[in-house]
Amino acid sequence: MQQLIDPLTLAATRDLAWLSRHIAEGMLLGVQHSQRRGAGVEFQQYRSYEPGDSIRNIDWKLYARSDRYYVREADQESQMHVCIVLDTSASMQQPSFTYPALRKLQYAKCWIATLCWLLYRQGDRFSLLALNDAGIRRVPEGQGESHHRRIALELEQLEAHGHWPDESRLAAVWQYFEQPCQVVLVSDFFEQHEGAAQSAFAARLHAANRPCLPLQILVEAEETFPFTGELKILDPEGSGIRELGARQQRQEYLRAFAAAQSRLRARFAARECPLTTSTVETPVEQSLRAFIGAHGRIG
Amino acid sequence: MPGYTALQWLSPQWLWLLLALTVPVAIHLVRRSKPREITFAAAQWLLAKHQRRLNRLLLRDKWLLLLRLLLFILLALLLAQPLLQRGAPPTGDILLIDPRIERAAAEEFLTRHPQFTNPLWLQRHPAHFADSPPQATDLWSALSLLAGQGKFRRAHILLRDSTNPSGHDALRVSPHWQWHALHRNTLHRNTLHNDALAAPDGLPRIGIIGSPPPWLPAAIEQLGKSLGTDLAVQGLDENTLPAATEVDWLIYDGAGALPDGVRSFVERGGLLITDQRIQGENLPVFSRLESDPPLETLTLGRGSWLRYVDDWHSVAFFQRTDLPYQLWQQWRAQDWPLQHRTRGNWSLDSNPGIPVADTEVDNEENVPGTQALLLLLALLLLIERGAVLLRRPAAATESVHAGASADVH
Numbered sequence: 001m002q003q004l005i006d007p008l009t010l011a012a013t014r015d016l017a018w019l020s021r022h023i024a025e026g027m028l029l030g031v032q033h034s035q036r037r038g039a040g041v042e043f044q045q046y047r048s049y050e051p052g053d054s055i056r057n058i059d060w061k062l063y064a065r066s067d068r069y070y071v072r073e074a075d076q077e078s079q080m081h082v083c084i085v086l087d088t089s090a091s092m093q094q095p096s097f098t099y100p101a102l103r104k105l106q107y108a109k110c111w112i113a114t115l116c117w118l119l120y121r122q123g124d125r126f127s128l129l130a131l132n133d134a135g136i137r138r139v140p141e142g143q144g145e146s147h148h149r150r151i152a153l154e155l156e157q158l159e160a161h162g163h164w165p166d167e168s169r170l171a172a173v174w175q176y177f178e179q180p181c182q183v184v185l186v187s188d189f190f191e192q193h194e195g196a197a198q199s200a201f202a203a204r205l206h207a208a209n210r211p212c213l214p215l216q217i218l219v220e221a222e223e224t225f226p227f228t229g230e231l232k233i234l235d236p237e238g239s240g241i242r243e244l245g246a247r248q249q250r251q252e253y254l255r256a257f258a259a260a261q262s263r264l265r266a267r268f269a270a271r272e273c274p275l276t277t278s279t280v281e282t283p284v285e286q287s288l289r290a291f292i293g294a295h296g297r298i299g
Numbered sequence: 300m301p302g303y304t305a306l307q308w309l310s311p312q313w314l315w316l317l318l319a320l321t322v323p324v325a326i327h328l329v330r331r332s333k334p335r336e337i338t339f340a341a342a343q344w345l346l347a348k349h350q351r352r353l354n355r356l357l358l359r360d361k362w363l364l365l366l367r368l369l370l371f372i373l374l375a376l377l378l379a380q381p382l383l384q385r386g387a388p389p390t391g392d393i394l395l396i397d398p399r400i401e402r403a404a405a406e407e408f409l410t411r412h413p414q415f416t417n418p419l420w421l422q423r424h425p426a427h428f429a430d431s432p433p434q435a436t437d438l439w440s441a442l443s444l445l446a447g448q449g450k451f452r453r454a455h456i457l458l459r460d461s462t463n464p465s466g467h468d469a470l471r472v473s474p475h476w477q478w479h480a481l482h483r484n485t486l487h488r489n490t491l492h493n494d495a496l497a498a499p500d501g502l503p504r505i506g507i508i509g510s511p512p513p514w515l516p517a518a519i520e521q522l523g524k525s526l527g528t529d530l531a532v533q534g535l536d537e538n539t540l541p542a543a544t545e546v547d548w549l550i551y552d553g554a555g556a557l558p559d560g561v562r563s564f565v566e567r568g569g570l571l572i573t574d575q576r577i578q579g580e581n582l583p584v585f586s587r588l589e590s591d592p593p594l595e596t597l598t599l600g601r602g603s604w605l606r607y608v609d610d611w612h613s614v615a616f617f618q619r620t621d622l623p624y625q626l627w628q629q630w631r632a633q634d635w636p637l638q639h640r641t642r643g644n645w646s647l648d649s650n651p652g653i654p655v656a657d658t659e660v661d662n663e664e665n666v667p668g669t670q671a672l673l674l675l676l677a678l679l680l681l682i683e684r685g686a687v688l689l690r691r692p693a694a695a696t697e698s699v700h701a702g703a704s705a706d707v708h
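Protein chains in written order, with my numbering: chain A, 1 to 299; chain B, 300 to 708.
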C-alpha cells in the first residue's frame, strides 16, 4: 500500500486535525459518501463558541445582537456512538528505535484523530477518554467537523505518564458507558499483572454489552529485540534500572513476549473482538485499514 | 654466533610511548563499563535472573582492541627506530689479497693454500677475487678500516712485500689477522729522518761534467768523512753522458744552453745540479726555494734540476762554514727516488699497528626495520578502519538508541 505520510512527518507534525484529515481523506479517495453538512439538517440549539469550532458555524447575526459568539448546532441523525479510550500511561511514551522522535502516544493520537475524521465523515458520534492514574481527560460525545477539531486539540495536549488507573479511579469512568456505545481501546496492553488493567477493563465493558475493539500499539524493537551488548534498561512504568546482556536475554525475551501476546490475543478473540496490533513504524492508514478490516464496521 | 640477531634502538626514548597502550584499553574499559541506556517499556519480559555481571568483566570488541594496541605498539616501535643486527661471524677462510699482486701469483698462492675459500681484494670495500683487481689502494687505510669489521676479524692477509711504506695515520689491525707475503724482504731501518747526515744504505752516485768549482771536491770529501764512507765521484764528459741508472746526481759545470743529453738524463729520473750560467730553452719557469745558498728548482720529466741562483765559483758562494752540509741537505731533498727509498716502512715481523680489541668491534650488520614496520602499520590501520566501517551500521543504530534514550531523559 502506498504510504501517504511517512513516520518522520507523523512525528514532526503537531496539527493533528490537519494531519488526520489528510490521512483520512487519502483513505476515502473514491469512496462514495453522502453530504451530511448544511441543508436538511434541523436546527437544534445555540451554544457558546468553543476553541475548535469552525468560524463558519458562528451565527453572525446573533453576534451582532449579543456581542458574543454563538454556534448553531444542528440535530443530526447518528447511527453510532464510538468512545475512544486511550491509555496514557508512561509506557505509551516509548519511542521508536528506528525513528526516535516518534513515540507510541504520538502515533496513537494521529491514529485516533484519523479514525475520528472517518467517523465524522460517516456521521457517527464519537468521544474521547484518556486514562492514566494522574487523572481522566474526556471529550464528551459529539459529531461534526468541529467536534473532530475539538478532539484533535484535546489529543494534542495529552501526555503520557503514570500507570493505568486502578479500580477505584476507574469507578468514575463507568458512567460514561451507560449509553450504548462501541469502545475503541488504544493501548500497548503492557500490564503489570496479566489479565489485569486494560484487559480487565475490556472484559468489564464486554460484560456490559459494550463491545471493546482493541488496538495494540508497539514499537518494532519490542517484537524483535534487535539489541546487542550491555544494556541499561529503563522501564517507564517499573522502578529501577536493569542492566543485562542483550545477547543472553534475546531468546528468552522473544519467547516470553510472544507467549504474552498470544495469551492477550486469545483473550480478545474469545470475546469476538480480535486484537489488532500495529507498530509505530507502520503507516497510520495501513494500521487503520487493518483495524477496520478486522472489525468490518467502519469505512 | 651465526644467525644471532639483536635489536637496537636509535631513539629508545620513544619507547615511553608504549605507555600510551593504556589509552585504548582505558577507552574500551570505559565504554564497557557504560552499557547503552535505553527506555524499554516491555522490560517486564526481560528476566532479572539472566543478568550476567561476569559478562561485564569481559571487554567488548576484543579484536578491535587488539588491533588498536598493535597500532600503538607499532607506532612506538617506529618512532624508536629499531635496528636489527644480523650477526656477521668472523671467518678464517677469508684471504685479503694485496691488489699489487699479479693475479697469476695470487692464484698460485691460492692453489698452494686451498683452505682460503673466500679470496677478496684488499681494499676499503673488499671485492671478490674473481672481479677485476682494483686500482692501487692505500693499504694502510684499507687495513685500518677492515680491522674494525667483524667479518674480517679472522681473515688472512696476503701482501706483496713483507715491508710496506708507512701511512700517516696510526695503523689499526685485528690481533687475529694472519699475515702472508709473497716476497720476504729485509727491513732496512733507516734513521735518516732522525739524523740528516746519516747515510742511507745506497749512497748517491755522483757524476761531474766540466770543471767543477775548486771547493767541490773538498766539500764532497768532508761529507764522506761525516758519513763515515767515501762518496764515489765519477768524472764524466759531455760526450759520454751517463744513464739515470748509473748516476744519481749529476753536477754540471758549464755555461750556455743545457745539452740535450743532460736534459734527457734529468727526464729519465736523474738529479741535475748546476749554477746560474746554464740556461734552458723552452722550459717552464723555475721555482725559487727558500734556502741558503739561494736555489731554484724545476721538475723535468721524472727528475729535477737544481740551479743555484749565484755563480758557484764566486767567493760569496763557498765561503760558508756549513756549505757541505747545506748542499747535502738540498740535493737529498730533491732526490725523489732516494726520498722514496728512505721512507718509513713497516714490516710484517714487527707490526706497528694498534690492535683493535674484540670489544670495540662492530660485529653486526645493521638492518633498519623501519620500512617493514611502516608497511605493517599501514596495513593494520587499513584493517582497523575497515573493521570500524563494517561496524558502522551497528554504530549508527547505537547512536539512534542513544539519541532516543537521551530524548527520554
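Quick reminder that beta carbons are idealized off the backbone N, C-alpha and C, glycines included.
Could you tell me if residue i is buried or exposed, where buried requires 16 or more neighbouring beta carbons within 10 angstroms of its beta carbon?
i	result
P334(B)	buried
S613(B)	exposed
Y70(A)	buried
D634(B)	buried
G293(A)	exposed
K524(B)	exposed
K104(A)	buried
L318(B)	exposed
L535(B)	buried
T620(B)	exposed
For residue i, name the three-state secondary structure that DSSP assigns.
i	result
D559(B)	helix
E145(A)	helix
Q618(B)	coil
S168(A)	helix
D657(B)	helix
Q49(A)	Reading off the sequence, residue 49(A) comes out as Tyr, not Gln. Y49(A): coil per DSSP, three-state reduction.
G569(B)	coil
H193(A)	coil
T321(B)	helix
V329(B)	helix
R72(A)	strand
W362(B)	helix
A531(B)	coil
L582(B)	coil
P7(A)	helix
I400(B)	coil
T544(B)	coil
E243(A)	strand
L442(B)	helix
W344(B)	helix
T669(B)	helix
Q182(A)	strand
Hey, quick one: how far does the beta strand (DSSP E) through residue i stretch, first residue to last?
i	result
W645(B)	644-646
Q477(B)	477-482
L86(A)	81-87
P214(A)	212-218
W713(B)	For chain B, the structure presents residues 300 to 708; residue 713(B) sits outside this window and is missing.
P713(B)	Not covered by the structure: residue 713(B). The range shown for chain B is 300 to 708.
S278(A)	276-279
First and last residue of the alpha helix (DSSP H) that includes residue i?
i	result
K104(A)	104-122
A134(A)	Note, A134(A): premise wrong, no alpha helix (DSSP H); not H, not E.
Y253(A)	246-270
G378(A)	Nothing about residue 378(A) can be read from this structure; chain A reaches only from 1 to 299.
L62(A)	60-66
V284(A)	284-295
Measuring alpha carbon to alpha carbon, tell me which of the options ends up nearest residue i.
i	options	result
A266(A)	A203(A), S91(A), L10(A), D6(A)	A203(A)
A130(A)	A108(A), R242(A), A207(A), G123(A)	A108(A)
P211(A)	V82(A), P7(A), L29(A), E252(A)	V82(A)
L502(B)	H479(B), T462(B), D430(B), E545(B)	E545(B)
W611(B)	R576(B), L678(B), A403(B), A446(B)	R576(B)
Q638(B)	Q628(B), S440(B), W645(B), S646(B)	Q628(B)
P274(A)	F257(A), G296(A), L254(A)	G296(A)
R289(A)	K61(A), W111(A), I58(A)	W111(A)
What distance in whole Å lies between the Cβ atoms of residue j and residue i, which are believed to be in contact at a cut-off of 8 Å?
i	j	result
H464(B)	G568(B)	This sequence places Pro at residue 464(B); His is not what is there. That belief does not hold up - the Cβ atoms of P464(B) and G568(B) are roughly 19 Å apart, past 8 Å.
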